[in-house]
Every structure is written in structure tokens, then in C-alpha cells.
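Notes follow the structure.
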Amino acid sequence: MVGLGICVLTMIWGTIFTFTVYADRLATIFNLTQLQVSSIFSITTAVFLMVGGLFGVFAARFSLRPVLVIVGVGLIAAIVLLQIVNSYPGVVVVFSLLGITGGTAFTITVSLTPQWFDSYQGLATSLTMTGIGLGPLVLPFVWI
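Structure below.
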């Protein structure tokens, strides 16, 4: 569970918070202004943080494993949709979906990890959280 959590957090935080690495390429491909590119990052981050916080309030009311499957499908959908959209509104929708699924996945990962361990819950959670730092550290080299 810890390894999966690290991978999930690395991909989510790395994709969202290394936005500036691929921002120029995004602007070129979709013919966007700097303001439009910046707004995509702002919207994605806002949605990520709001959904993560809101879902945290309701997380105790849902079985988290089925929600995690839905999140996985949403992340795959965002990747596929990014390949076919061709306009600014389409890119905003796709990155909003990335923010929604990312914020939800973060909350689920943080909630589920300690449940898998009888002892060393703090250690398991802290190791899982290394994905938050690994994403922005490693993924820029993937995008280049």
C-alpha cells in the first residue's frame, strides 16, 4: 500500500505542480496565450485543493476502495481526453478533471494508508507522503 501511495502521489503532485515545465509546449500545441496557460494551472490547483478538502469531510461516509476505482478511471479519462481536445475550454475541462481526481486520490491515499498497518502507522503515512516531494523532483525530467 505504501508503494502504491508513493506512486499515486508522485504522479498527481508531479503532474500538477510541475506545470511550468510543460506550459510552453501546452501554449504552442493549443495556441494559447500566457494568461490562458496560467489560468489552466490556477483552475487545476483550485479544483484540486477544494475537492480534496471537501471530499475529506465526506470520506468517512463512503467506502474508499470503489471511489479509488472511479478516480483511476477519471485519471485515465483525463489522459485520453487531453489527446483529443483541441481548444482552450477543452483543456480547462481536462485539467479540471485532473484536479478533481487528483484531490480525491490524495485524500483517499492519506486515509487508506494507516488503515493497512496495525503498527507503524505514522511511518507508513510519512513514507507514503514522500510522493508529494518526489513528483515535483522527478517528473520534470520526464516532461523534458
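Numbering (the numbering used here), first residue to last: 3 to 146. From the three backbone atoms N, C-alpha and C, an ideal C-beta is built for every residue, glycine too.
Presumed contact (8 Å Cβ cut-off) between residue i and residue j, rounded CB distance
| i | j | result |
| --- | --- | --- |
| W15 | I110 | No, W15 and I110 are not in contact; Cβ-Cβ is about 14 Å, not under 8 Å. |
| G7 | T106 | Actually they are not in contact, since the Cβ atoms of G7 and T106 sit about 14 Å apart, beyond 8 Å. |
| S98 | V49 | 5 Å |
| L141 | T46 | Not confirmed; about 15 Å, so no contact. |
Residue i versus residue j: straight-line alpha-carbon distance, rounded
| i | j | result |
| --- | --- | --- |
| G74 | T103 | 8 Å |
| Y24 | L84 | 13 Å |
| I31 | V93 | 11 Å |
| D120 | V4 | 14 Å |
| F64 | V82 | 27 Å |
| A80 | I86 | 10 Å |
| I72 | L66 | 10 Å |
| Q38 | M52 | 21 Å |
Residue closest to residue i, alpha-carbon to alpha-carbon, out of the options
| i | options | result |
| --- | --- | --- |
| V126 | G137, V112 and Q36 | As written in the sequence, residue 126 is Ala, which differs from the Val given in the question. Ranking the options by Cα distance to A126, first place goes to V112. |
| L11 | W118, I45 and L100 | L100 |
For residue i, three-class secondary structure by DSSP
| i | result |
| --- | --- |
| Y122 | coil |
| T20 | coil |
| S65 | coil |
| T87 | Per the sequence presented here, residue 87 reads as Val, with Thr not at that position. Note: V87 maps to coil in three-state DSSP. |
| L34 | coil |
Closer than 8 Å to chain C by CB, residue i
| i | result |
| --- | --- |
| G55 | The structure shown contains no chain C; it holds only a single protein chain. |
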